[in-house]
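The structure under discussion appears below in the form of structure tokens.
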Amino acid sequence: MVDYQKRDKNDIFNIPVLGFLFKNQTFIMTLRVGVLALFIYAIVFGIMYPTKEENIFTTVVFWSLFWPFFVVVTLSTFGRVFCGICPHGFMGKYITKFGLKKKMPKVFANPIVGVLLLVIGFWLVYYIYPQAYKTPIAAAIFFIILTAISIVFFYIYKDMGYCKSICPIGTMMGGFGKVSFTTLGTYEETCKSCTTFECADACSYNLKPFTFDKRANMVDCTLCMDCSDACEAVSFKLVKPSHSLFKKFQIQKAEVWAFILITAAISITMSFHHALGRVAIADEYIWSKFGMFLQEKIAIIGLDYIGISALFFAMLITISLVYSGMYVASKVLNEDFKKVFYTLGYAFAPIFIIGGLSHTYEFFFVHHYSDIANGFMQGFFIDADKVQALASRKDGWLKIFTLLNYIAVIWAFIIMAKRINFFTASKVAKSVAFVFASSLIIFYLFLNAYKVYAFKTYGAKKSAHNHSPAAKKHTSNEVKHIR
Ligand code: SF4
Ligand code: SF4
Numbered sequence: 028m029v030d031y032q033k034r035d036k037n038d039i040f041n042i043p044v045l046g047f048l049f050k051n052q053t054f055i056m057t058l059r060v061g062v063l064a065l066f067i068y069a070i071v072f073g074i075m076y077p078t079k080e081e082n083i084f085t086t087v088v089f090w091s092l093f094w095p096f097f098v099v100v101t102l103s104t105f106g107r108v109f110c111g112i113c114p115h116g117f118m119g120k121y122i123t124k125f126g127l128k129k130k131m132p133k134v135f136a137n138p139i140v141g142v143l144l145l146v147i148g149f150w151l152v153y154y155i156y157p158q159a160y161k162t163p164i165a166a167a168i169f170f171i172i173l174t175a176i177s178i179v180f181f182y183i184y185k186d187m188g189y190c191k192s193i194c195p196i197g198t199m200m201g202g203f204g205k206v207s208f209t210t211l212g213t214y215e216e217t218c219k220s221c222t223t224f225e226c227a228d229a230c231s232y233n234l235k236p237f238t239f240d241k242r243a244n245m246v247d248c249t250l251c252m253d254c255s256d257a258c259e260a261v262s263f264k265l266v267k268p269s270h271s272l273f274k275k276f277q278i279q280k281a282e283v284w285a286f287i288l289i290t291a292a293i294s295i296t297m298s299f300h301h302a303l304g305r306v307a308i309a310d311e312y313i314w315s316k317f318g319m320f321l322q323e324k325i326a327i328i329g330l331d332y333i334g335i336s337a338l339f340f341a342m343l344i345t346i347s348l349v350y351s352g353m354y355v356a357s358k359v360l361n362e363d364f365k366k367v368f369y370t371l372g373y374a375f376a377p378i379f380i381i382g383g384l385s386h387t388y389e390f391f392f393v394h395h396y397s398d399i400a401n402g403f404m405q406g407f408f409i410d411a412d413k414v415q416a417l418a419s420r421k422d423g424w425l426k427i428f429t430l431l432n433y434i435a436v437i438w439a440f441i442i443m444a445k446r447i448n449f450f451t452a453s454k455v456a457k458s459v460a461f462v463f464a465s466s467l468i469i470f471y472l473f474l475n476a477y478k479v480y481a482f483k484t485y486g487a488k489k490s491a492h493n494h495s496p497a498a499k500k501h502t503s504n505e506v507k508h509i510r
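Heads up: the sequence shown is residues 28 to 510, going by the numbering used here.
Given below as structure tokens:
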């Protein structure tokens with residue numbers, strides 16, 4: 028074990044305040060216990076006060092605090108730090124110690140399982156029936172079921188297998204975390220003389236932090252920092268944003284699929300359904316027409332047919348664009364299709380995680396700040412005046428956040444340009460391949476530009492923000508909580 032390590036300047040453990048936040052085990056443990064207590068309390072509160080009229084606290088904790096801030100904002104900056112304080116991961120470390128420690132069967136051991144659970148189990152259900160997770164009781168039941176599943180998996184299978192493949196946001200976190208500007212590794216010179224490997228022993232995930240730098244990949248690391256407590260040679264450094272995406276590393280197919288499916292299910296479907304759904308000509312779009320057609324044919328009350336249709340078209344367009352673009356790129360580069368698909372697919376990472384920040388920040392000022400403050404006052408029975416929103420949707424300055432959509436596009440292009448250089452081909456071939464492999468990025472750019480054009484040209488719809496009969500029942504506030 029190394030007791031002292033001279034640290035580099037960019038090592039977060041060496042930086043005042045940040046070093047304390049990420050290395051002080053008492054602080055980290057207090058934070059974990061606090062988050063677990065909040066998680067349990069929000070569930071209990073949701074059961075005690077099951078309706079939206081009597082309880083906003085539960086949904087605020089899960090959909091205004093945990094999802095946009097704990098997950099999206101931290102993921103794009105410091106990386107997968109949410110996992111370090113996640114209630115499931117925290118409990119899992121103790122459960123797995125006295126569990127059966129079996130090997131995860133192949134059918135569950137694929138990280139695509141978690142991605143599909145997120146897309147089908149959450150987003151598909153959300154678009155079909157937007158109220159599904161919006162009431163306090165529904166959110167409470169959803170997290171009770173997820174907690175029960177995680178406990179069973181942590182108890183039966185070894186090495187935190189639940190986090191590696193079943194957790195609906197685990198693979199997503201691993202993939203999108205690569206966009207961040209931090210990396211965990213070790214001081215190579217110090218590790219050379221090590222014979223005890225305490226960092227690896229301390230890792231409940233059975234990972235070897237001393238291999239991360241060489242592999243340019245932190246694999247399934249959840250940034251729990253247990254290894255940094257076991258050995259001083261562990262580092263947590265500030266690096267160039269997305270630095271690992273500019274290097275070659277062992278590809279995780281599920282991560283690329285997470286980028287594609289989540290971009291389709293969240294960024295593109297939301298643009299079709301919620302943003303363009305507010306334009307005066309919303310009924311003319313193909314997803315609206317198809318949704319209305321479905322509604323006529325199936326006519327089950329309460330379902331959001333335009334939401335289902337928007338998701339269907341977003342998936343169809345996204346997957347077709349990526350497949351056809353990558354196919355042409357592989358032909359032009361004269362390389363194997365799968366190799367091109369998964370190598371270049373990592374360039375899609377910034378689209379959702381950076382582009383999505385535009386909504387996150389805008390909704391913080393318009394909704395989340397006041398929702399969180401009022402929700403916590405309600406949850407902890409604080410008798411004070413209602414907190415007002417920091418801005419209204421009409422405030423022009425909020426448009427500044429839309430710049431993040433364009434930053435996401437530029438960022439994705441840069442990664443694509445760097446990763447295309449992993450292939451050997453002429454400059455002309457690489458340039459042509461770049462354009463085709465970037466079809467999804469170009470489409471996302473076009474979509475954002477079109478949204479601005481559509482509102483300027485046709486104006487906003489006069490009635491509800493969403494023309495679906497089912498969706499009209501929901502307040503715009505409810506819809507925006509989840510973005
Ligand atoms: S992978 Fe999932 S369950 Fe595991 S720590 Fe991260 S968020 Fe929590
Ligand atoms: S490598 Fe370190 S920080 Fe990563 S999961 Fe293992 S113990 Fe936690």
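Virtual Cβ for every residue (Gly too), placed ideally from N, Cα, C.
Quick check on the burial criterion: 16 or more other C-beta atoms within 10 angstroms. Buried or exposed for residue i?
i: Gln279; result: buried
i: Ala476; result: exposed
i: Ala497; result: Any reading at Ala497 needs caution, since the residue's pLDDT is 42, under 50, leaving its predicted position unreliable; the model's value is listed next. The residue is buried, with at least 16 neighbouring Cβ atoms inside 10 Å.
i: Pro132; result: exposed
i: Ile67; result: exposed
i: Cys264; result: A small correction: the amino acid at residue 264 is Lys; Cys does not occupy that position in the sequence shown. Label assigned to Lys264: buried.
i: Glu323; result: exposed
i: His508; result: Here the model assigns His508 a pLDDT of 40, short of 50, so the residue's position is not dependable, and the following value carries that caveat. His508 should be labelled buried.
i: Ala460; result: buried
i: Asn244; result: buried
i: Trp150; result: buried
i: Gly383; result: buried
i: Val44; result: exposed
i: Ser231; result: buried
i: Asn82; result: buried
i: Thr222; result: exposed
Considering only C-alpha positions, which residue in the set the options is nearest to residue i?
i: Tyr182; options: His115, Ser207, Lys161 and Ile168; result: His115
i: Leu321; options: Tyr332, Glu311, Ile328 and Tyr312; result: Tyr332
i: Phe89; options: Phe72, Val108 and Lys267; result: Phe72
i: Cys194; options: Asn82, Phe208, Ala175 and Ser207; result: Ala175
i: Leu467; options: Ala376, Phe169 and Val455; result: Ala376
i: Lys205; options: Ser298, Thr101 and Gly126; result: Thr101
i: Cys113; options: Lys130, Ala136 and Arg59; result: Arg59
i: Pro77; options: Gly406, Phe135 and Cys230; result: Gly406
i: Lys120; options: Asn82, Cys190 and Val99; result: Cys190
i: Ala341; options: Phe403, Ile295, Phe125 and Ile380; result: Ile295
i: Met56; options: Val87, Val462 and Gly111; result: Gly111
i: Arg242; options: Phe96, His270 and Val140; result: His270
i: Phe395; options: Ile74, Met75, Phe93 and Glu81; result: For clarity, residue 395 is His in the given sequence; the question names Phe instead. Among Ile74, Met75, Phe93 and Glu81, the Cα nearest to that of His395 belongs to Phe93.
i: Ala444; options: Val367, Lys426, Leu425 and Phe428; result: Val367
i: Leu417; options: Tyr354, Val152 and Leu425; result: Leu425
i: Thr484; options: Phe391, Lys365, Ala307 and Phe317; result: Ala307
With a CB to CB cut of under 7 angstroms and the five nearest residues on each side skipped, what residues in its chain are close to residue i?
i: Ala165; result: Ala159
i: Glu282; result: Thr198, Gly201 and Gly202
i: Lys128; result: Lys185
i: Ala309; result: Leu303, Ser315, Lys488 and His494
i: Tyr480; result: none
Leaving out five residues before and five after residue i in sequence, what residues of the same chain have Cβ atoms less than 6 angstroms from its Cβ?
i: Phe169; result: Tyr160
i: Phe237; result: Thr213 and Cys218
i: Glu505; result: Confidence is the limiting factor: at Glu505 the pLDDT is only 40, short of 50, which leaves the residue's position unreliable, though a coordinate-based value still follows. Cβ within range, chain order: Lys161.
i: Cys251; result: Gly111
Leaving out five residues before and five after residue i in sequence, what residues of the same chain have Cβ atoms less than 8 angstroms from its Cβ?
i: Arg446; result: Leu272, Phe273, Thr370, Leu371, Tyr373 and Ala374
With ligand 2 as the reference, list in chain order each residue whose Cβ lies under 6 angstroms from any of its heavy atoms. Those residues, listed in chain order, are Leu211, Ala229, Cys230, Tyr232, Leu234, Pro236, Cys248, Thr249, Leu250, Cys251, Met252, Asp253 and Cys254.
At least 3 beta-carbon pairs within less than 8 angstroms: the region 396–403 vs the region 333–352: No, the region 396–403 does not touch the region 333–352.
Quick check: the region 139–159 against the region 291–302, are there 3 or more CB pairs under 8 angstroms? yes
Are the region 451–469 and the region 325–340 touching by the rule of at least three beta carbon pairs closer than 8 angstroms? no
Three CB pairs or more closer than 8 angstroms across the region 204–224 and the region 251–268: Using a C-beta cut-off of 8 angstroms, the region 204–224 makes contact with the region 251–268, since at least three inter-stretch Cβ pairs fall below that distance.
Would you say the region 45–58 touches the region 248–257, given that touching needs at least three Cβ pairs under 8 angstroms? yes
Taking contact to mean at least 3 C-beta pairs separated by less than 8 angstroms, is the region 430–446 in contact with the region 375–389? Touching, yes, given that three or more Cβ pairs across the two stretches are closer than 8 angstroms.
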